[in-house]
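Residue numbering for the sequence shown follows this note's numbering, starting at 6 and increasing by one per position.
Every residue gets a Cβ at the ideal spot worked out from N, C-alpha and C, and that includes glycine.
It should be emphasised that the depicted structure is a prediction, and the values quoted were computed from it without experimental measurement.
Read the structure below first, then the notes.
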Amino acid sequence: MERENYQAWLWEKWGTACVANLKKHRFDAHFVETAEDARSLLRNLFEGCRRFGFGGSNTTRSLGLPDMLRADGRIVVDHLEPGISFEEQVSRRKQQAGCDCFICSANAISMTGEIVNIDGIGNRTNAMSFGPEKVIIVAGMNKVTADLHQAIKRVHDVAAPMRAKSLNMDTPCAKTGICVDCNAESRICNITVILHRKPMLTDISVVLVNQALGY
């Protein structure tokens, strides 16, 4: 067995355990092997929704979800759409909480069934907690950790520095790759939300993909 096959095998075991615990925590949870499997499942989860909001997720864009929905004639509220003004970006961030479906990723998901997100602005952590009729969280298995402590650690050690670098933020972690719990104005770690259980009034589906996706 090649090394990558051992990785896929290990992630499949972790993913199965993670999905079981997410379900215990009342989330609708799924594990799929490939990006194509994810797109097929997501088409079913999108049923009945017309207006879709997107968080600033590299994962969902790498799967081609905004373009897929536009091709289907759905309305996409995307604050990262090229060419729009800052004011329009802010407006769309606010609109996302009122969409039929909000699609995002997570910074980390624990095998014990918690979902961890740390935001700079808060449109994602807001919309994924309350507002949309449906929330869908898509994450690669590279974001799954053993427990909640490791999930939070992953955000600060891995996800946040990489995301800050990708956005060309003026933060210490974007320069050194190391979190120093800075006080920079452009800090992207201002709001921490942990979904310990499914929020009472929010329908949340989690799709884990047996691939490395996002930061």
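Original post:
What number of angstroms, rounded off, separates the C-alpha of isoleucine 120 from the C-alpha of arginine 75?
Top reply: 28 Å
**OP:** State yes or no: is the C-beta of valine 185 within less than 8 Å of the C-beta of leucine 68?
**Re:** The answer is no: Cβ separation not under 8 Å.
Original post:
Does DSSP put serine 210 in a helix, in a strand, or in coil?
Top reply: strand
Original post:
Which class does aspartate 175 belong to by DSSP, given the choice of helix, strand or coil?
Top reply: coil
Subject >> Distance, asparagine 195 Cα to cysteine 109 Cα >> reply: 18 Å
Original post:
Helix or strand or just coil, what does DSSP make of histidine 161?
Top reply: The answer is helix: DSSP assigns histidine 161 an H, G or I state.
Original post:
How about cysteine 178 and alanine 164: are their beta carbons less than 8 Å apart?
Top reply: No, they are not a contact pair.
Original post:
By DSSP, does lysine 203 sit in helix, in strand, or in coil?
Top reply: coil
Subject >> At least 3 beta-carbon pairs within less than 8 Å: the segment 70-84 vs the segment 17-31 >> reply: Under the Cβ criterion (8 Å, minimum of three pairs), the segment 70-84 does not count as touching the segment 17-31.
Subject >> Neighbourhood of threonine 130 by C-beta distance below 7 Å, restricted to the same chain and skipping five residues each side >> reply: Asn122, Asp124, Ile196, Val198
**OP:** Tell me whether the beta-carbon of glycine 219 lies closer than 8 Å to the beta-carbon of alanine 132.
**Re:** no
Original post:
I think arginine 55 touches aspartate 105, with their Cβ atoms under 8 Å apart; what is that distance to the nearest whole Å?
Top reply: 5 Å
**OP:** Select from Gly136, Thr181, Leu85 the residue whose C-alpha is nearest the C-alpha of threonine 207.
**Re:** Gly136
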